[in-house]
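**Student:** Heads up: the sequence lines are chains A and B, in that order.
Here my numbering is used: the first residue of the first sequence is 13, the next is one more, and so on.
Here my numbering is used: the first residue of the second sequence is 13, the next is one more, and so on.
The C-beta atom is built at its ideal place from N, Cα and C for all residues, glycine as well.
First the structure, then my questions, so here it is.
2 protein chains.
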Amino acid sequence: MLITSLDNQKIKKYLKLKIKKFRDEEKLFLIEGEHLVEEALKSDLLVDLLVLDGNIKDYHFPITYVGSKVMKKLSNMDSVPSVIGVCKFLEEKEITGNRVLLLDDIQDPGNLGTIIRSSLAFSVFDIILNLNSVDLYNDKVIRSSQGMIFQMNILRRDLGKVITDLKKKDYVILGTDVFKGIDVKDISPEKFALIMGNEGSGVKAELKKMCDKNLYIKMNSKVESLNVGVATSILLYELNR
Amino acid sequence: MLITSLDNQKIKKYLKLKIKKFRDEEKLFLIEGEHLVEEALKSDLLVDLLVLDGNIKDYHFPITYVGSKVMKKLSNMDSVPSVIGVCKFLEEKEITGNRVLLLDDIQDPGNLGTIIRSSLAFSVFDIILNLNSVDLYNDKVIRSSQGMIFQMNILRRDLGKVITDLKKKDYVILGTDVFKGIDVKDISPEKFALIMGNEGSGVKAELKKMCDKNLYIKMNSKVESLNVGVATSILLYELNR
Numbered sequence: 013m014l015i016t017s018l019d020n021q022k023i024k025k026y027l028k029l030k031i032k033k034f035r036d037e038e039k040l041f042l043i044e045g046e047h048l049v050e051e052a053l054k055s056d057l058l059v060d061l062l063v064l065d066g067n068i069k070d071y072h073f074p075i076t077y078v079g080s081k082v083m084k085k086l087s088n089m090d091s092v093p094s095v096i097g098v099c100k101f102l103e104e105k106e107i108t109g110n111r112v113l114l115l116d117d118i119q120d121p122g123n124l125g126t127i128i129r130s131s132l133a134f135s136v137f138d139i140i141l142n143l144n145s146v147d148l149y150n151d152k153v154i155r156s157s158q159g160m161i162f163q164m165n166i167l168r169r170d171l172g173k174v175i176t177d178l179k180k181k182d183y184v185i186l187g188t189d190v191f192k193g194i195d196v197k198d199i200s201p202e203k204f205a206l207i208m209g210n211e212g213s214g215v216k217a218e219l220k221k222m223c224d225k226n227l228y229i230k231m232n233s234k235v236e237s238l239n240v241g242v243a244t245s246i247l248l249y250e251l252n253r
Numbered sequence: 013m014l015i016t017s018l019d020n021q022k023i024k025k026y027l028k029l030k031i032k033k034f035r036d037e038e039k040l041f042l043i044e045g046e047h048l049v050e051e052a053l054k055s056d057l058l059v060d061l062l063v064l065d066g067n068i069k070d071y072h073f074p075i076t077y078v079g080s081k082v083m084k085k086l087s088n089m090d091s092v093p094s095v096i097g098v099c100k101f102l103e104e105k106e107i108t109g110n111r112v113l114l115l116d117d118i119q120d121p122g123n124l125g126t127i128i129r130s131s132l133a134f135s136v137f138d139i140i141l142n143l144n145s146v147d148l149y150n151d152k153v154i155r156s157s158q159g160m161i162f163q164m165n166i167l168r169r170d171l172g173k174v175i176t177d178l179k180k181k182d183y184v185i186l187g188t189d190v191f192k193g194i195d196v197k198d199i200s201p202e203k204f205a206l207i208m209g210n211e212g213s214g215v216k217a218e219l220k221k222m223c224d225k226n227l228y229i230k231m232n233s234k235v236e237s238l239n240v241g242v243a244t245s246i247l248l249y250e251l252n253r
C-alpha cells in the first residue's frame, strides 16, 4: 500500500502524535530514521512502519509505503527520513535492579536523552522521572538517547514517595554536594538510588534532605558545576567500577 | 544614555553580530544574561554592556541603557534578558599546557559548550578546533559553556599540522577505540593531546592514523557509544586523576 495524501485517516492520526497531549491519549509515539527503527525492532513496541516510497531496505516487519510529502510532514527534521516508526509507550515494570537513577525536574530533552544513553552504558536499567520532568517521548529525547530507551525501564512518579519506598528496601539514597560531599571514587554501594536535579536549580530541598550520602566529582575550583548529563554520566561511570 | 530605537547605529551594528559572517568581520560577539556577563567581566574581553532600562544592578563597568524592544531584538532567547554584553574574540595564545584537547568536526553547539565546560573542570586549558567545527561564538556554544570560554585558550587550526607539531614537542597523541583501546583508567601520560571526533562519523581516518595510543571507556556492551560531550568529559576526568 502507498499513502500519498495527508488526508488519509491513519496519517492524520499519526500527525497528531507530534503533540504531547495526543501521544498521552493514544499511548503512541513516533521515531525517525533507520537507527532508531532498528533499536525499536529489538523491542516489541513497534506497531507500524512507514517507509518512504522507493526505499528497498527490508525491515522484516509489515510496511506501509508513504510519499515524500507525507514523510516530510510527519518528520521533525530538516531532511526527509527514509523511515518513521510508530511505537507503543514503554511498559512500566517493577524496579528489580540494585541501581536506580532518579531525575528531579530535568527540563532539557537533549540532557534526558544523553542520560538515558549513559545509564544503559553504565548498567543502570531503571530510571524514575519526577512528574514535572520533560516528556520522555519528545523527539529530541529519543534522538539523543540513540534509541536506548527501548532497553530501559523508565517510570514517572512522585519522587518523595519513591525514595521512602526505596529506603525501606535498603537502597542507599545518593545525592550530590560540591562542598561537603564524598569523592565518588571512594564509595561503591551495592544497592543505591542516585538522585540528580534540574539544570538550573538542582535537586529540590525536600528531596535533598532524604539523601543518605552526598557525592562530589573532583574538579578544578574555577568551575562551579558540570552539565547535568555529564555529571550524571561520570557518577554512574564511577559507581559502576 | 538610553537607546530605544532599532535604527540607532550602534544597535544596528550589534544586531549584525547575530550572524557568523559579521562576527568574523568585526571580531565581536554577543553574550546574554547576568551569569555570562559576570564571567566576561573576569576577562578583559568585554567592550560594551547593554542593560535593560530600569535595571539597577551595578556591574562596575560603563553601561548603555536600552529599551525592551532593543533588548528583545538583540536576544536569541524567548524571555528578554536584563543584560547583553559585547565581547572581543578570544585572543589566540600559544599552547603552553601539558594537556591539549583536539576536536575534529564537532557540529552540535551544545556539545562544544559542554566540552569546554568539562575541559576547564578537568584542568585542560587549551582546545584546538579543526577548521570545520561549529562556530565557537554561536550563542548556544557560549550558553552551554556557562561562560567558561573566557578562561580558556581556544584555537582553530588544521589538525593534521597541529598533531605533527605536537608530536615534535613530545605530546602523546591519544585517540579512542571501542574495540582495541586501552582502558583509560590504566593510563596517565604526563603530556598528551586527546583527539575527539564528529558526533556521527568520529575522528577522520587520516588523523586516527596519527594517534600514538587509543583509549576506551569500559561500558555495557548493549551500548555502542556515548554522547561525545560525555565521552570527552569522562576521558578528561580520568586523565586528570
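With DSSP run on the structure shown, which of helix, strand or coil describes V63/A?
**Tutor:** Note: V63/A maps to strand in three-state DSSP.
**Student:** May I ask you to verify whether the stretch 202-209 of chain B touches the stretch 98-115 of chain B, counting CB pairs closer than 8 Å and requiring at least 3?
**Tutor:** Yes, since at least three Cβ pairs between the stretch 202-209 of chain B and the stretch 98-115 of chain B fall closer than 8 Å, the two stretches touch.
**Student:** Just to confirm, are L251/B and D116/B a CB contact at a threshold of 8 Å?
**Tutor:** No, these two residues do not count as a Cβ contact at 8 Å.
**Student:** Looking at the C-beta of D232/B, does it have a partner C-beta in chain A at a distance below 8 Å?
**Tutor:** Sequence check: residue 232/B is Asn here, not Asp. Yes, its Cβ sits closer than 8 Å to a Cβ of chain A.
**Student:** Cα separation between V136/B and L248/B?
**Tutor:** Using only the alpha carbons, I get a separation of about 8 Å.
**Student:** If I follow the unbroken beta strand (DSSP E) through G209/A, where does it start and stop?
**Tutor:** Its beta strand (DSSP E) spans residues 204-209.
**Student:** Hey, quick one: how far does the alpha helix (DSSP H) through V153/B stretch, first residue to last?
**Tutor:** V153/B -> alpha helix (DSSP H) spans 151-156.
**Student:** Please check if any C-beta of chain B sits within less than 8 Å of the C-beta of A205/A.
**Tutor:** No, because no Cβ of chain B sits closer than 8 Å to the Cβ of A205/A.
**Student:** So with CB distances below 7 Å, who are the chain A contacts of G122/B?
**Tutor:** Residues of chain A passing the Cβ test: G122.
**Student:** Would A52/A pass as an interface residue toward chain B - the criterion being a Cβ-Cβ separation below 8 Å?
**Tutor:** False, the Cβ-Cβ gap to chain B never drops below 8 Å.
**Student:** Are there 16 or more other CB atoms within 10 angstroms of the CB of L143/A, so buried, or fewer, so exposed?
**Tutor:** So L143/A counts as exposed.
**Student:** Rounding to the nearest angstrom, what Cα-Cα distance links I127/B and L14/A in this structure?
**Tutor:** So the two alpha carbons sit approximately 45 Å from each other.
**Student:** When you compare only the Cα positions, how much space is there between Y71/B and L48/B?
**Tutor:** Cα to Cα, Y71/B sits roughly 12 Å from L48/B.
**Student:** Give the single residue among R129/B, V78/B, K221/B whose Cα lies nearest to the Cα of N20/B.
**Tutor:** When only C-alpha atoms are compared, the closest one is V78/B.
**Student:** Do we get a CB-CB distance below 8 Å when we pair T126/B with the residues of chain A?
**Tutor:** Yes, contact with chain A.
**Student:** Using three-state DSSP, classify F137/B as helix, strand or coil.
**Tutor:** Here F137/B sits in coil by DSSP.
**Student:** Have a look at K181/B and S55/A and give me their C-alpha separation to the nearest angstrom.
**Tutor:** Each residue's alpha carbon lies about 51 Å from the other.
**Student:** Name the DSSP bridge partner or partners of L40/A?
**Tutor:** L40/A pairs with K100/A.
**Student:** On the three-pair Cβ rule with 8 Å, is the stretch 188-198 of chain B touching the stretch 223-234 of chain B?
**Tutor:** In short, these stretches touch, since the Cβ pair count reaches three.
**Student:** Based on the DSSP output, what are the partners of N142/A in its beta bridges?
**Tutor:** Bridge partners of N142/A: R169/A.
**Student:** Just to confirm my understanding: we take V190/A, look at its own chain, exclude 5 residues before and 5 after, and list those with CB closer than 6 Å. What are they?
**Tutor:** Result list for V190/A: Y228, in chain order.
**Student:** Look up N5/A in the DSSP assignment and say whether it is helix, strand or coil.
**Tutor:** One cannot answer for residue 5/A here, as it falls past the ends of chain A, which runs 13 to 253.
**Student:** Measure the Cβ-Cβ separation of V240/B and E211/B and say whether it is below 8 Å.
**Tutor:** Contact flag set, yes.
**Student:** Around the C-beta of A133/B, are 16 or more other C-beta atoms found within 10 angstroms, so that it is buried, or is it exposed?
**Tutor:** So A133/B ends up on the buried side.
**Student:** Examine chain A for any beta-carbon lying closer than 8 Å to the beta-carbon of Q163/B, and answer yes or no.
**Tutor:** With 8 Å as the cut-off, Q163/B counts as an interface residue toward chain A.
**Student:** Of the residues that make up the stretch 129-144 of chain A, which ones have a beta carbon closer than 7 Å to any beta carbon in chain B?
**Tutor:** Answer set for the stretch 129-144 of chain A: R129, S130, L132, A133, F134, S135.
**Student:** Out of C99/A, G97/A, S80/A, V98/A, point me to the one whose CA is closest to S91/A's CA.
**Tutor:** Minimum Cα distance to S91/A is reached at S80/A.
**Student:** Classify T188/B as buried or exposed, calling it buried when 16 or more other Cβ atoms lie within 10 Å of its own Cβ.
**Tutor:** It is buried - the Cβ of T188/B has at least 16 other Cβ atoms within 10 Å.
**Student:** Beta-carbon within less than 7 Å of V184/A's beta-carbon, same chain only, minus the 5 sequence neighbours each way: which residues are those?
**Tutor:** Cβ neighbours of V184/A beyond the five flanking positions: P201, K203, F204, D224, K225.
**Student:** Does the beta carbon of S245/A come closer than 8 Å to any beta carbon on chain B?
**Tutor:** Chain B contact via Cβ: present.
**Student:** Output the boundary residues of the beta strand (DSSP E) element that contains I185/B.
**Tutor:** Residues 184-188.
**Student:** DSSP on D56/A, reduced to helix/strand/coil?
**Tutor:** In the structure shown, D56/A sits in coil (DSSP, three-state: anything other than H, G, I, E or B).
**Student:** Opposite D116/A in the DSSP bridges: which residues?
**Tutor:** Looking at the DSSP assignment, D116/A forms a beta bridge with G209/A.
**Student:** If we ignore side chains and look at the alpha-carbon of each, how far apart do G164/A and D120/B end up?
**Tutor:** Per the sequence shown, residue 164/A should be read as Met rather than Gly. M164/A and D120/B: Cα-Cα distance of roughly 26 Å.
**Student:** Flag this pair as yes or no: are the beta carbons of S87/B and R129/B separated by less than 8 Å?
**Tutor:** No; because the gap between Cβ atoms is not below 8 Å, this pair is not in contact.
**Student:** DSSP has K32/B in a bridge; who is on the other side?
**Tutor:** Paired residues: none, contrary to the question.
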